[in-house]
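Participant: Protein chains in written order, with the numbering used here: chain A, 1 to 250; chain B, 1001 to 1250.
Protein chains: 2
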Amino acid sequence: MSDQHPDAYDASTYPSVFVTVDLAVFTIRNGALSVLLIERGDEPYAGRWALPGGFINPDEDAEQAAWRELAEETGVEQWAGHLEQLKTYSAPDRDPRHRIVSVAHVAFAPNLPAPVAGDDARNARWWAVDDVVGGEDAPELAFDHAEILDDAIERVRSKLEYTTLATEFVEEPFTLAELHRVYAAVWGRPPSLGAFRRKVISTKGFVEATSTKGGTQAVGRPATLYRRGGAAILQPAMLRQHATEPGAGD
Amino acid sequence: MSDQHPDAYDASTYPSVFVTVDLAVFTIRNGALSVLLIERGDEPYAGRWALPGGFINPDEDAEQAAWRELAEETGVEQWAGHLEQLKTYSAPDRDPRHRIVSVAHVAFAPNLPAPVAGDDARNARWWAVDDVVGGEDAPELAFDHAEILDDAIERVRSKLEYTTLATEFVEEPFTLAELHRVYAAVWGRPPSLGAFRRKVISTKGFVEATSTKGGTQAVGRPATLYRRGGAAILQPAMLRQHATEPGAGD
DNA sequence: TAAATAGTGTCTCTGAGACATTATATT
DNA sequence: AATATAATGTCTCAGAGACACTATTTA
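Spelled out as structure tokens, the structure:
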């Protein structure tokens, strides 16, 4: 914050606003990157789908509020995944009623169940992100949530490049094939399997092999099972072929 | 934002807060990455150094407020550089007087002059970041600005890796040696000159050669002069030797 | 000429992509 | 055996680091 005006806190001089958190909660379902949306029951935007969110309490910072909302919305108490701040959205007219500034967050977790429905008659479900952002019969989201979701998706995609965050999308223990499918789902196109295996295994602290073997498949050679390692960043990064390729051929 | 409680906007139910922007403004001065700080005249933290910032007006979003503050603090009307949102800081007790949520921003520009002093008797100057974050006689910053500055520095460093942002730190036209010195200043250690030149030149859209030659040096072969190209991201990234080697996470 | 800075060539090493080959399980 | 999946080996190519070498200017 900081300020240069000693009396700047006079509420008559500067207006106060409401501050909320919004959440883009991601998981992998049926091999597709999916996000949790809630159908609004009230105006404005009644009937539209929106990101879950809520107000920050007086004793919370934004991250604590996000964790709390996450538990409330998903019904998951012991959250196994990761949560981080995304960006703050503050256009003066983003909410037609009041000035509301929202601190958006991104969360990831492995293979979450369908969200708690009973709670308060709201409709809530997982959407494959391709069904939300991909033109055609994609729903129009409430408020500026389409923009938030776009930014959130880009955050997830880029984080897979230079961090070990992909491991947050799978349950331990996991196989390298499962981890590879996370990259395929999030990026749309998987990295080449050979290079992927080499990189994951050779990057110290990305994953740790366990002594047991197994996997979900009923047939075929059983896979080595791994746990998350201690490393957080990938150096160098896992390469993704950006959609915006520099001049073809090249 | 979004909400699930139709009457949630009742001010008696949820408290309103003040929202500010803070700015970490960076430039290169005397070969060192430097940040603009302001000495506070009033309590709290009177006498402490702080990041410049101010309140968001009712008709502005956070980015517009940041641009406005930037012009006010630096006295630069035609801002040649870049500004982007960094992160929002919202600890309930980060300001002892009121609940204040701050949307921090990062700005870069080439070789800025000493900040406007006369304005309102406040003391303002450029600090080499090594003098602010480096132990010893580093000043204790006001509020949570030390944390913000840490995050801002890390943002600048990492952005040089995967974007063409370094060109925002030099005035056009510039030489490759000047651009190389930007990397040296921001990272502490420069990338190897040979690889650097190859990468900058071979990355389409990073820089564009001009027909003229020159440079600042009085002696030696005159350098080719360049302008910024149209590209924004570097694919693959410029490699930096991280201080924190991969292996041990947080 | 010497000194200074700009720019190139070349060697080696790492690692990515492609894909053939081998390994280990079930039926 | 046949089939399915896991895992490895190998070839090639792009690019990074190191550094010697060449180029172009001023004094």
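Quick reminder that beta carbons are idealized off the backbone N, C-alpha and C, glycines included.
All values reported here derive from a predicted model rather than from experimental measurement.
1. What number of angstroms, rounded off, separates the C-alpha of alanine 1032/B from the C-alpha of leucine 234/A?
2. Please confirm whether arginine 1221/B and proline 1173/B have their CB atoms less than 8 Å apart.
3. Please state whether the Cβ-Cβ distance between alanine 114/A and arginine 125/A is less than 8 Å.
4. Would you verify that the beta carbon of arginine 1155/B is, or is not, closer than 8 Å to some beta carbon of chain A?
5. Can you tell me whether aspartate 130/A is buried or exposed? The criterion is at least 16 other CB atoms within 10 Å of its CB, across all chains shown.
6. Against lysine 1087/B, what residues of chain A qualify as contacts under a CB-to-CB distance less than 7 Å, listed in chain order?
7. Leucine 160/A to tryptophan 187/A, Cα distance in whole Å?
8. Taking 8 Å as the limit between beta carbons, can you name the residues of its chain near glycine 1249/B, skipping five residues before and five after?
9. Does any C-beta atom of chain B lie closer than 8 Å to the C-beta of aspartate 150/A?
10. Name the residues in the segment 1095-1117 of chain B whose C-beta lies less than 9 Å from a C-beta of chain A; which are they?
11. Does the CB of alanine 1237/B have a neighbour CB from chain A at under 8 Å?
12. From proline 96/A to glutamate 1060/B, what distance separates their C-alpha atoms?
13. Along the segment 1043-1060 of chain B, where does the CB come closer than 9 Å to a CB of chain A? Name the residues.
14. With 16 other CB atoms within 10 Å as the buried threshold, where does leucine 112/A fall?
15. Checking 8 Å against the spacing of the C-beta atoms, do alanine 1050/B and leucine 1141/B come in under that value?
16. Ignoring anything shorter than 3 residues or poking outside the segment 1111-1179 of chain B, list the beta strand (DSSP E) runs there in chain order.
17. Just to check my reading of the structure: alanine 1066/B and threonine 1163/B have Cβ atoms closer than 8 Å, yes? What is that Cβ distance to the nearest angstrom?
18. Would you list, in sequence order, the uninterrupted beta strand (DSSP E) runs of no fewer than 3 residues that lie entirely inside the segment 8-48 of chain A?
19. Which partner residues does glycine 1053/B have in the DSSP bridge list?
20. For lysine 204/A, count the other beta carbons within 10 Å of its own beta carbon; 16 or more makes it buried, fewer makes it exposed. Which is it?
21. Apply the 10 Å Cβ neighbour rule to glycine 229/A and answer buried if 16 or more other Cβ atoms are within range, or exposed otherwise.
22. What distance in whole Å lies between the Cβ atoms of valine 1133/B and proline 1139/B, which are believed to be in contact at a cut-off of 8 Å?
23. Which residues in chain B have a C-beta closer than 8 Å to the C-beta of alanine 209/A? List them in chain order.
24. How would you label aspartate 144/A, buried or exposed, when you count the other beta carbons within 10 angstroms and need 16 or more for buried?
25. Quick one: which chain B residues come within Cβ less than 7 Å of tyrosine 14/A?
26. Pull the bridge partners of lysine 204/A from the DSSP assignment, please.
27. With 8 Å set as the bound, which would you pick, yes or no: does the beta-carbon of glycine 66/A sit closer than that to a beta-carbon of chain B?
28. Looking at the C-beta of proline 191/A, does it have a partner C-beta in chain B at a distance below 8 Å?
29. Which residues in the same chain have their Cβ closer than 6 Å to the Cβ of isoleucine 1038/B, if we skip the five residues on either side of it in sequence?
30. With valine 200/A and leucine 239/A assumed to form a contact (beta carbons below 8 Å), what rounded beta-carbon distance in angstroms separates them?
31. Pick helix, strand or coil for valine 106/A, following the three-state DSSP scheme.
32. By the criterion of Cβ-Cβ separation under 8 Å, what are the contact partners of alanine 1091/B in chain A?
33. With distance defined between alpha-carbon atoms, name the residue in Gln1217/B, Thr1020/B, Pro1110/B, Ala1218/B nearest to valine 1076/B.
Facilitator: By the coordinates alone:
1. 28 Å
2. No, the Cβ-Cβ distance between arginine 1221/B and proline 1173/B is not below 8 Å.
3. A Cβ-Cβ contact shorter than 8 Å links alanine 114/A with arginine 125/A.
4. no
5. exposed
6. Chain A residues near lysine 1087/B: Gln85.
7. 9 Å
8. Caution applies to glycine 1249/B, whose pLDDT of 31 falls short of 50 and renders its modelled position unreliable; the value that the coordinates give is listed next. Within the same chain, glycine 1249/B has no close Cβ partners at all.
9. Not an interface residue.
10. Asp1095, Arg1097, His1098, Arg1099, Ile1100, Val1101, Ser1102, Val1103
11. yes
12. 15 Å
13. Glu1043, Tyr1045, Ala1050, Leu1051, Pro1052, Gly1053, Gly1054, Phe1055, Ile1056, Asn1057, Pro1058, Asp1059, Glu1060
14. Counting Cβ neighbours within 10 Å, leucine 112/A comes out buried, since at least 16 surround it.
15. When the beta-carbon positions are compared, alanine 1050/B and leucine 1141/B come within less than 8 Å of each other.
16. 1123-1128
17. Contact doesn't hold; Cβ gap of about 19 Å is too wide.
18. 18-29, 32-39
19. The partner list for glycine 1053/B (beta bridge, DSSP) reads Asp1022/B.
20. Exposed is the call here.
21. buried
22. Proline 1139/B to valine 1133/B, Cβ: 10 Å. No contact.
23. Per Cβ cutoff of 8 Å: no residues; alanine 209/A is ~16 Å from chain B at best.
24. buried
25. Phe1018, Phe1055
26. The partner list for lysine 204/A (beta bridge, DSSP) is empty, contrary to what the question assumes.
27. Before going on, a small fix: residue 66/A reads as alanine here, not glycine. It does not; no Cβ of chain B falls within 8 Å.
28. no
29. Ala1050, Pro1052, Arg1122, Ala1124
30. Actually they do not touch by this definition, with Cβ atoms about 13 Å apart.
31. strand
32. Asp61
33. Pro1110/B
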